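One structure is given here, and the rest of the page talks about it.
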Amino acid sequence: MIRVIDSHTEGEPTRVVIAGGPDLGSGPLAERARRLNEEHGDFCAALLREPRGVVAMVGALLVPPAAVDCETGVIYFNAAGNLGMCGHATIGLAVTLAHLGRIGVGRHRFETPVGVVEADLADANTVTVVNVESYRFRKDVAIEVPGLGPVTGDIAWGGNWFFLTGDNPVPLTPDRTAALTEAALAIRRALHAAGVTGRDGAPIDHVEFNGSPEGSDAQGRNFVLCPDDAYDRSPCGTGTSAKVACLAADGKLAPGASWVQESIIGSRYSLTYRPGAAGGVIASITGRAFVTAEATLLRAPSDPYRNGISA
Amino acid sequence: MRSSRTIHVISCHAEGEVGDVIVGGVSPPPGETIWEQRAFIAGDGVLRAFVLNEPRGGVFRHVNLLVPPKHPDADAAFIIMEPEDTPPMSGSNSICVATVLLESGILPMVEPETTLVLEAPGGLVRVRAQCRNGKAERISVENLPSFADRLDVPLEVEGLGTLTVDTAFGGDSFVMVDAAALGLSLVADEAADIARLGVRITDAANRQLGFAHPERLDWDHISFCAFTGPLTATAEGWETRSAVAIQPGKVDRSPTGTAVSARMAVLAARGQMKVGQSLLARSIIDSRFTGTILGETTVAGRPAIRPQISGQAWLTGIHQHMLDPTDPWPGGYRLGDTWGVR
Numbered sequence: 001m002i003r004v005i006d007s008h009t010e011g012e013p014t015r016v017v018i019a020g021g022p023d024l025g026s027g028p029l030a031e032r033a034r035r036l037n038e039e040h041g042d043f044c045a046a047l048l049r050e051p052r053g054v055v056a057m058v059g060a061l062l063v064p065p066a067a068v069d070c071e072t073g074v075i076y077f078n079a080a081g082n083l084g085m086c087g088h089a090t091i092g093l094a095v096t097l098a099h100l101g102r103i104g105v106g107r108h109r110f111e112t113p114v115g116v117v118e119a120d121l122a123d124a125n126t127v128t129v130v131n132v133e134s135y136r137f138r139k140d141v142a143i144e145v146p147g148l149g150p151v152t153g154d155i156a157w158g159g160n161w162f163f164l165t166g167d168n169p170v171p172l173t174p175d176r177t178a179a180l181t182e183a184a185l186a187i188r189r190a191l192h193a194a195g196v197t198g199r200d201g202a203p204i205d206h207v208e209f210n211g212s213p214e215g216s217d218a219q220g221r222n223f224v225l226c227p228d229d230a231y232d233r234s235p236c237g238t239g240t241s242a243k244v245a246c247l248a249a250d251g252k253l254a255p256g257a258s259w260v261q262e263s264i265i266g267s268r269y270s271l272t273y274r275p276g277a278a279g280g281v282i283a284s285i286t287g288r289a290f291v292t293a294e295a296t297l298l299r300a301p302s303d304p305y306r307n308g309i310s311a
Numbered sequence: 001m002r003s004s005r006t007i008h009v010i011s012c013h014a015e016g017e018v019g020d021v022i023v024g025g026v027s028p029p030p031g032e033t034i035w036e037q038r039a040f041i042a043g044d045g046v047l048r049a050f051v052l053n054e055p056r057g058g059v060f061r062h063v064n065l066l067v068p069p070k071h072p073d074a075d076a077a078f079i080i081m082e083p084e085d086t087p088p089m090s091g092s093n094s095i096c097v098a099t100v101l102l103e104s105g106i107l108p109m110v111e112p113e114t115t116l117v118l119e120a121p122g123g124l125v126r127v128r129a130q131c132r133n134g135k136a137e138r139i140s141v142e143n144l145p146s147f148a149d150r151l152d153v154p155l156e157v158e159g160l161g162t163l164t165v166d167t168a169f170g171g172d173s174f175v176m177v178d179a180a181a182l183g184l185s186l187v188a189d190e191a192a193d194i195a196r197l198g199v200r201i202t203d204a205a206n207r208q209l210g211f212a213h214p215e216r217l218d219w220d221h222i223s224f225c226a227f228t229g230p231l232t233a234t235a236e237g238w239e240t241r242s243a244v245a246i247q248p249g250k251v252d253r254s255p256t257g258t259a260v261s262a263r264m265a266v267l268a269a270r271g272q273m274k275v276g277q278s279l280l281a282r283s284i285i286d287s288r289f290t291g292t293i294l295g296e297t298t299v300a301g302r303p304a305i306r307p308q309i310s311g312q313a314w315l316t317g318i319h320q321h322m323l324d325p326t327d328p329w330p331g332g333y334r335l336g337d338t339w340g341v342r
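Chains A and B supply the protein sequences, listed in that same order.
Quick note, the first sequence lines up with residues 1 to 311 if you use my numbering.
Quick note, the second sequence lines up with residues 1 to 342 if you use my numbering.
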């Protein structure tokens, strides 16, 4: 039996596994995350795919931390595999741990496979996440995308690798999500085909369109396609960190100044940053999460779809 | 914990098609009959939005609400909530409901066979469940009387030309089209095409052919498009493939109990099936339902069959759905990329 708490962060779902996950042994978190990915893909698929999961859901497996000063260790994954860091799921995790009575208002440290992240719980729903150091890797990379023509964008790290562009094929509105998804997939394919990567050859698995906000008190709006081919319902914490890293590198956003980013459904994150040690930015992401369900998931041995339906 | 709504759900799928069951936390909707309660749920929309929409649900999710039965013969009653419809009956959902009722202990399980009478909005359905070691291993549902409405009628579909189709009722209303005529073999990688074509064909059939149930005058539309595969003879009857496009444009993962019933009604009307014979139908993901004609009957004087659908369901979880009072999306949201292919 798998015990989970479901929540959504500004519209984007998270499923935190609080009991019944696979035993990944001890050792560095990155090593345990690799084991989850390589040896327990069925478990991850069962949680997130039909008939047990919902579209765009991110899983968060709680594990004992290797770092003694951390509240918990956590490995994030989506239907396509592991995620390094996930902003919305970290906000969902903090709200879930508060819901369980495991943490209270204040600052907490979580260990992820890509480093320690800090989360500040302001009330039952509002969390500020201090992300890993984000930075722009390359500016104004031009690629030729079949069906779209030339597209120019920046490559940046925000805990995941992003290609950020303002060359939006259609407006960033909820009724255009199908067209935006197709365009983002085409860009990702073109990046892979052209051998354009992040640092050390890391594949770029997130594509982010950036545009103008609808609200007068917001600064930006985005559409982010995730590696599982679902787009982020929230403004994407790591994607907005990558955006802020690019703004900082261009001298367009000062340390401490606020950047309010809208998602494709109009939900919001508010970000500020301070300079990082390696020349990038340490972004703080503030958003809200809401618990939607407590559940026990069942996987009967005789169930032909115990590992989900793969289509 | 803060929650202004607490809804208990046992989640389930029948041959791949999700049919979750609300077992607690919702008071029975107003209405003198289950049909009237169904109409309230459909018109009110609040419960449907909460459980069917993102982020709690998704287009592939159906949710059933258990309500106290109204008919003296019924053991339990349920209202089916599908993405767009709140229908009279559903094969995969009734199999999920029966499985949840027995495996969760809401109704007593008797091994090796339990018989139940369920009250669906469209009427009573009789259930036989083969049970072993606390598991309902096979559920057989006697579906609502099913009948062919129009056979071999032309249907103009823009971009496809003139198709020859049948219309029929199998617990829900169908336009039925030969898959081979559209170049389809009803396999998984055709899912998007089937969903897209099915919505267009259903829309065209509603405009040009229409449907009215002779006894339920407010069920006056064609709900689904069924793509029918070729028939292969077996010792018991026939074997085939079946794919159904459900509004707003998704493909049933199961072979669709109501479609199998409607197909058998059409085959009976053509003299290709008789009482006692079976139709084994495989879905787009190769899961199976077996349909059997139990007997003949009439619906408002029209010849009809008493169809039975058999299949298996599996419990997938136990959930307590909650609503944080400050949640900005108490009714969730729907977005066009996943909510149908229109």
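Yeah, the Cβ is synthetic: ideal placement off N, Cα and C, and Gly gets one too.
Note that the coordinates shown come from a computational prediction; the quantities given were computed from them, not determined experimentally.
Residue interval of the alpha helix (DSSP H) (run including TRP35(B)): Element bounds for TRP35(B): 34 to 44.
Neighbour flag for PRO55(B) against chain A, beta carbons, 8 Å: Yes - at least one Cβ of chain A is within 8 Å of the one on PRO55(B).
Cα-Cα separation, HIS192(A) to THR167(B): It is roughly 48 Å from the alpha-carbon of HIS192(A) to the alpha-carbon of THR167(B).
Contacting positions in the region 301 to 322 of chain B - beta carbon closer than 8 Å to chain A: Residues TRP314, LEU315, THR316, GLY317, ILE318, HIS319, GLN320, HIS321, MET322.
Nearest candidate by alpha-carbon position, reference MET81(B), set ASP189(B), VAL266(B), VAL18(B), ARG302(B): Out of ASP189(B), VAL266(B), VAL18(B), ARG302(B), the CA that lies nearest to the CA of MET81(B) is found in VAL18(B).
CB-CB length for ALA190(A) against GLU144(A), believed under 8 Å: Contact between ALA190(A) and GLU144(A) holds, since their C-beta atoms are separated by about 7 Å, short of 8 Å.
Local Cβ density within 10 Å of LEU271(A), reported as buried at 16 or more and exposed below that: Looking at its Cβ environment, which holds 16 or more other Cβ atoms inside 10 Å, LEU271(A) is buried.
Interface residues of chain B facing HIS8(A) [CB-CB closer than 7 Å]: PRO55, listed in chain order.
DSSP three-state assignment for MET264(B), whether helix, strand or coil: Looking at MET264(B) - three-state DSSP - the assignment turns out to be helix.
Contact set between the region 159 to 183 of chain A and chain B, restricted to residues whose Cβ is under 7 Å from the partner: Flagged, chain order: PRO174, ASP175, THR177, ALA178, THR181.
Host alpha helix (DSSP H) of CYS246(A) (start-end): Segment 237 to 249, the alpha helix (DSSP H) holding CYS246(A).
C-beta neighbour in chain B for PRO213(A), strict 8 Å: Not flagged as an interface residue toward chain B: PRO213(A), since no C-beta distance is shorter than 8 Å.
Segment contact, 8 Å Cβ cut-off, at least three pairs: the region 150 to 164 of chain A with the region 291 to 299 of chain A: Output reads no: the region 291 to 299 of chain A does not touch the region 150 to 164 of chain A.
Per-residue DSSP class, three states only, for GLY279(A): In the structure shown, GLY279(A) sits in coil (DSSP, three-state: anything other than H, G, I, E or B).
Collapsed DSSP secondary structure at ILE95(B) in the structure displayed: If DSSP states are grouped into helix, strand and coil, ILE95(B) belongs with the helices.
Rounded C-alpha distance that separates VAL322(A) from ILE7(B): The requested residue 322(A) is not part of the displayed model; chain A covers only 1 to 311.
Residue ranges of each alpha helix (DSSP H) within the region 256 to 337 of chain B, 4 or longer: Whole alpha helix (DSSP H) segments, 4+ residues: 257 to 269.
Inter-residue CB distance, ARG253(B) and GLU142(B) (contact presumed, cutoff 8 Å): Between GLU142(B) and ARG253(B) the Cβ distance is about 23 Å, and since that is not below 8 Å, they are no contact.
Meets three-Cβ-pair contact criterion under 8 Å: the region 255 to 271 of chain B and the region 295 to 312 of chain B: Between the region 255 to 271 of chain B and the region 295 to 312 of chain B, the count of C-beta pairs closer than 8 Å reaches three or more; the two stretches touch.
Whole-angstrom C-beta distance between THR238(A) and ASN315(A), which should lie under 8 Å: With chain A covering only 1 through 311, there is no way to say anything about residue 315(A).
Any C-beta of chain B under 8 Å from that of ILE187(A): Not closer than 8 Å to any Cβ of chain B, the Cβ of ILE187(A) fails to qualify, so no.
Within 8 Å, strictly: CB atoms of ASP343(B) and LEU116(B): Absent from the structure is residue 343(B), since the part of chain B shown begins at 1 and ends at 342.
Best match in ALA45(A), PRO28(A), ILE204(A), LEU36(A) for proximity to ALA242(A) [C-alpha to C-alpha]: Taking the Cα of ALA242(A) as reference, the smallest distance to any Cα among ALA45(A), PRO28(A), ILE204(A), LEU36(A) is reached at ILE204(A).
ARG288(A) to LEU97(A) span [Cα, whole Å]: Separation of ARG288(A) and LEU97(A) (C-alpha to C-alpha, rounded to the nearest whole angstrom) is 14 Å.
8 Å Cβ cut-off: residues of chain B touching ASN131(A): By Cβ distance, chain B contributes nothing, its closest Cβ being about 23 Å from ASN131(A), past 8 Å.
SER11(B) to LYS139(A) span [Cα, whole Å]: One C-alpha to the other measures close to 48 Å.
Whole beta strand (DSSP E) elements within the region 121 to 185 of chain A, 3-residue minimum: List check, beta strand (DSSP E) in window: 126 to 130, 135 to 145, 149 to 157, 161 to 165.
Segment limits, beta strand (DSSP E) that includes ALA77(B): 76 to 81 is the extent of the beta strand (DSSP E) around ALA77(B).
The beta strand (DSSP E) enclosing GLU113(B), as first and last residue numbers: First-last of the beta strand (DSSP E) with GLU113(B): 113 to 120.
Proximity test, LEU186(B) beta-carbon vs the ligand ATP heavy atom, cut-off 7 Å: Absence of the ligand ATP is noted for the structure shown, with no ligands found whatsoever.
Run of the alpha helix (DSSP H) containing VAL58(A), from where it starts to where it stops: No alpha helix (DSSP H) contains VAL58(A), which is instead part of the beta strand (DSSP E) from 58 to 63.
Alpha-carbon to alpha-carbon, TYR269(A) and THR173(A): Rounded to the nearest angstrom, the two C-alpha atoms are 17 Å apart.
Under 9 Å from the C-beta of GLU50(A): neighbouring residues of chain B: Against chain B, a Cβ distance below 9 Å from GLU50(A) picks out HIS13, GLY16, VAL18, GLY58, PHE60, ARG61, ARG253.
Contact with chain A by THR290(B), beta-carbon distance below 8 Å: No, because no Cβ of chain A sits closer than 8 Å to the Cβ of THR290(B).
Coarse secondary structure for PHE211(B), derived from DSSP in three states: Secondary structure at PHE211(B): coil, using DSSP grouped into helix, strand and coil.
Under 7 Å by beta carbon: chain A residues contacting ILE285(B): For ILE285(B), the residues of chain A that pass the 7 Å Cβ criterion are ILE309, in the order they occur in the chain.
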